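Participant: Under the numbering used here, the first residue of the sequence shown carries the number 181, and numbering increases by one thereafter.
The beta carbon of each residue, even a glycine, is placed where N, CA and C say it ideally should be.
The model shown is predicted, which means the values in this text are computed figures rather than measured ones.
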Amino acid sequence: MTLLINGELVLYGEVGEGWWGDWFAASQVVEALAEHGSDNDLAVRLNSPGGLAYEGVSIFNALKSHQGKVTIYVDGLAASAASIIAMAGDEIVMREGSTMMIHDPATIAWGNSGDLTKAIQSLDKLGEQMAGIYARVSSKSKDDARTIMKEETWLTGEEAVAEGFATANDNEPAVDPVAFDYRIYAKAPEHLKLVAKHNDWTFRRPSLPQSAASAAPTRQDKEKPMSGKPQAADDQAVDTAAIAQATADAIAAFKTRCKEVKASEPYKGNEALAEHMIDNTDLAAADIIAALEKAPKIAAPEQEQETDPEGYDKGRTLATDLAQPSGGQGKKQNPWTEVVTKGNRRMKKVK
Numbered sequence: 181m182t183l184l185i186n187g188e189l190v191l192y193g194e195v196g197e198g199w200w201g202d203w204f205a206a207s208q209v210v211e212a213l214a215e216h217g218s219d220n221d222l223a224v225r226l227n228s229p230g231g232l233a234y235e236g237v238s239i240f241n242a243l244k245s246h247q248g249k250v251t252i253y254v255d256g257l258a259a260s261a262a263s264i265i266a267m268a269g270d271e272i273v274m275r276e277g278s279t280m281m282i283h284d285p286a287t288i289a290w291g292n293s294g295d296l297t298k299a300i301q302s303l304d305k306l307g308e309q310m311a312g313i314y315a316r317v318s319s320k321s322k323d324d325a326r327t328i329m330k331e332e333t334w335l336t337g338e339e340a341v342a343e344g345f346a347t348a349n350d351n352e353p354a355v356d357p358v359a360f361d362y363r364i365y366a367k368a369p370e371h372l373k374l375v376a377k378h379n380d381w382t383f384r385r386p387s388l389p390q391s392a393a394s395a396a397p398t399r400q401d402k403e404k405p406m407s408g409k410p411q412a413a414d415d416q417a418v419d420t421a422a423i424a425q426a427t428a429d430a431i432a433a434f435k436t437r438c439k440e441v442k443a444s445e446p447y448k449g450n451e452a453l454a455e456h457m458i459d460n461t462d463l464a465a466a467d468i469i470a471a472l473e474k475a476p477k478i479a480a481p482e483q484e485q486e487t488d489p490e491g492y493d494k495g496r497t498l499a500t501d502l503a504q505p506s507g508g509q510g511k512k513q514n515p516w517t518e519v520v521t522k523g524n525r526r527m528k529k530v531k
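(1) Determine the extent of the alpha helix (DSSP H) in which residue 314 is found, giving its start and end residues.
(2) Rounding to the nearest angstrom, what Cα-Cα distance links residue 450 and residue 458 in this structure?
(3) Determine the contact status of residue 280 and residue 222, defining contact as a CB-CB distance below 7 Å.
(4) Please confirm if the region 295-305 is in contact with the region 254-264, defined as three or more CB-CB distances below 8 Å between the two stretches.
(5) Rounded to a whole number of angstroms, what is the C-alpha to C-alpha distance between residue 351 and residue 339?
(6) Pick helix, strand or coil for residue 227, following the three-state DSSP scheme.
(7) Who pairs with residue 349 in a beta bridge, going by DSSP?
(8) So what's residue 192 in DSSP terms, helix, strand or just coil?
(9) When you compare only the Cα positions, how much space is there between residue 243 and residue 250?
(10) Assuming residue 318 and residue 325 make a contact with CB atoms under 8 Å, what is their CB distance in whole Å?
(11) Note down the Cα distance separating residue 269 from residue 252, rounded to an integer number of angstroms.
(12) Is DSSP giving residue 281 helix, strand or coil here?
(13) With DSSP collapsed to three states, give me the class of residue 253.
(14) Take residue 315 and list the residues in its own chain whose beta-carbon comes closer than 8 Å to its own, dropping the five residues that flank it on each side.
(15) In angstroms, rounded to a whole number, what distance separates the CA positions of residue 287 and residue 248?
(16) Excluding sequence positions up to five away, which residues of its chain have a Cβ less than 7 Å from the Cβ of residue 473?
(17) Using the C-alpha atoms, what's the distance from residue 285 back to residue 307?
(18) Using CA coordinates, which residue listed in 196, 202, 365, 226 is at the minimum distance from residue 188?
(19) Using a Cβ-Cβ cutoff of less than 6 Å, which residues in the same chain neighbour residue 219 once the five nearest sequence positions on both sides are dropped?
(20) Beta-carbon within less than 6 Å of residue 468's beta-carbon, same chain only, minus the 5 sequence neighbours each way: which residues are those?
(21) The beta strand (DSSP E) with residue 327 in it runs from where to where?
(22) Return the Cβ separation of residue 240 and residue 265 in integer angstroms, given the expectation that the two are a contact with Cβ distance under 8 Å.
(23) Please classify residue 230 as buried or exposed, where buried requires at least 16 neighbouring CB atoms within 10 angstroms.
(24) Any idea if residue 203 is buried or exposed, counting beta-carbon neighbours within 10 angstroms, 16 or more meaning buried?
(25) Report yes if the CB atom of residue 184 is closer than 7 Å to the CB atom of residue 206, and no otherwise.
(26) In chain order, what residues of the same chain have a beta carbon less than 7 Å from the beta carbon of residue 366, not counting five sequence neighbours either side?
(27) Whole-angstrom Cβ separation of residue 245 and residue 195, contact assumed at under 8 Å?
(28) Around the Cβ of residue 217, are there at least 16 other Cβ atoms within 10 angstroms (buried) or fewer (exposed)?
(29) Determine the contact status of residue 361 and residue 342, defining contact as a CB-CB distance below 7 Å.
(30) Write down the C-beta distance between residue 274 and residue 337 rounded to the nearest angstrom, noting that I regard them as a contact closer than 8 Å.
(31) Residue 283: buried (16+ other C-beta within 10 angstroms of its C-beta) or exposed?
(32) When burial is assigned at 16 or more other CB atoms within 10 Å of the CB, is residue 193 buried or exposed?
Structure below.
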């Protein structure tokens with residue numbers, strides 16, 4: 181994927197490998213800068229919900245090292261780690277209707293008290309570093325910048341200029357937000373939350389394959405947006421390349437599986453059961469679709485109708501028969517019998 185389009189560096193999507201499809205990495209930016217020429221002026225078009233903090237810092241430093249003038253245009257959104265990237269511009273221009281979001285770094289961690297203490301210390305150090313960048317650009321004190329970060333501050337173009345985080349506004353209309361579950365942010369604007377909900381941009385963490393899970397250290401999860409560096413036990417050797425590849429494969433497989441199920445005809449009217457199977461089982465897309473074909477359809481929530489116990493039981497029997505073919509001995513029971521049955525019980529409660 182090329183990031184240079186018509187002589188401009190176009191950074192659309194998540195910072196680092198994303199969950200949905202549109203993303204960009206520091207290595208791609210470095211390659212694009214080399215192709216563009218270090219002495220040439222550069223226009224950067226930015227529209228990103230954020231992503232991995234250190235990936236954002238790497239891109240920030242790559243742009244700061246560019247010899248030519250760097251003008252960054254926030255085409256739609258510069259949130260979280262993407263707002264750090266925006267700070268690299270000699271000029272930072274907010275398009276009409278665009279938004280900038282600045283917040284404190286976050287991560288997911290587990291382990292003993294020592295592990296969690298190290299994670300907290302790492303986040304605090306990262307937060308201080310981010311505050312230093314925001315402070316230098318805006319001419320604020322580091323303490324003031326850190327306060328703005330901790331409050332998760334969403335700024336319009338005019339507000340970003342007034343606060344010193346941008347240098348100008350222009351009249352070019354903002355572009356649509358990229359795919360991302362904006363509901364994970366505590367203070368995200370309502371229109372972004374509604375867009376995420378309408379388009380089913382849901383933040384789900386795919387399960388690692390068994391081989392990767394057994395090799396991974398029980399310490400730190402994949403970073404959430406604007407997150408810190410994963411903490412690993414110093415005395416534990418980890419094949420990070422293998423884990424990274426296994427994680428990437430799991431993410432790709434999860435995306436494909438979701439798309440196949442949701443694009444199928446049986447998905448309509450059986451969304452609850454389908455989501456349960458996607459999130460809580462390792463069934464292949466074809467197996468989930470086959471189960472949905474036999475499952476009873478669920479009426480839309482707004483439709484008032486009486487429960488038909490006899491009809492429900494018949495539908496449940498159909499789904500169970502699919503999961504457990506007749507034949508008695510010699511027939512291996514399908515492993516997702518219990519999943520289908522539990523899903524139908526859930527649907528009965530919904531009714």
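Facilitator: With the given structure in hand:
(1) For residue 314, the enclosing alpha helix (DSSP H) covers residues 293-318.
(2) Approximately 12 Å between the Cα atoms of the pair.
(3) Cβ distance not < 7 Å, so residue 280 and residue 222 don't count as in contact.
(4) Taking 8 Å as the limit for Cβ pairs, the verdict is that the region 254-264 does not touch the region 295-305.
(5) Near 15 Å, if we compare the C-alpha coordinates of residue 339 and residue 351.
(6) Note: residue 227 maps to strand in three-state DSSP.
(7) DSSP, once it has assigned bridges, lists 274 as partnering residue 349.
(8) Three-state result, residue 192: strand.
(9) Distance from the CA atom of residue 243 to the CA atom of residue 250, rounded to whole angstroms, is 7 Å.
(10) Taking the Cβ atoms as the reference, residue 318 lies roughly 7 Å from residue 325, within the contact range of under 8 Å.
(11) Roughly 5 Å between the two C-alpha positions.
(12) In the structure shown, residue 281 sits in a strand (DSSP, three-state: E or B).
(13) In this structure, DSSP gives residue 253 an extended state, which the three-state scheme calls strand.
(14) Within its own chain, the residues whose Cβ lies closer than 8 Å to the Cβ of residue 315, once the five positions on either side in sequence are excluded, are 321, 322, 324, 325, listed in chain order.
(15) One C-alpha to the other measures close to 35 Å.
(16) Only residues of its own chain outside the window of five on either side were considered, and among them 446 have a CB closer than 7 Å to the CB of residue 473, listed in chain order.
(17) Looking at the two C-alpha atoms, the distance is approximately 6 Å.
(18) Across the set 196, 202, 365, 226, the C-alpha of 226 shows the shortest separation from the C-alpha of residue 188.
(19) Here the set comprises 247, 248.
(20) Within the same chain, Cβ atoms closer than 6 Å to the Cβ of residue 468 are found at 441, 457, the five residues on either side in sequence being excluded.
(21) Residue 327 -> not in any beta strand (DSSP E); alpha helix (DSSP H) instead, spanning 322-330.
(22) Correct: roughly 5 Å between the Cβ atoms.
(23) For residue 230, the number of other beta carbons within 10 angstroms of its own is at least 16, and it is reported as buried.
(24) By the neighbour-count definition (other C-beta atoms within 10 Å, threshold 16), residue 203 is a buried residue.
(25) Between residue 184 and residue 206, the C-beta spacing is not below 7 Å.
(26) Same-chain partners within the cutoff: 332.
(27) Not really, about 18 Å apart at Cβ, beyond 8 Å.
(28) With fewer than 16 Cβ atoms within 10 Å of its Cβ, residue 217 is classed as exposed.
(29) No. Outside cutoff.
(30) Indeed they touch by this definition, with Cβ atoms about 3 Å apart.
(31) A residue is called buried when at least 16 other Cβ atoms come within 10 angstroms of its Cβ; residue 283 meets this threshold and is buried.
(32) By the 10 Å Cβ count, residue 193 comes out buried.
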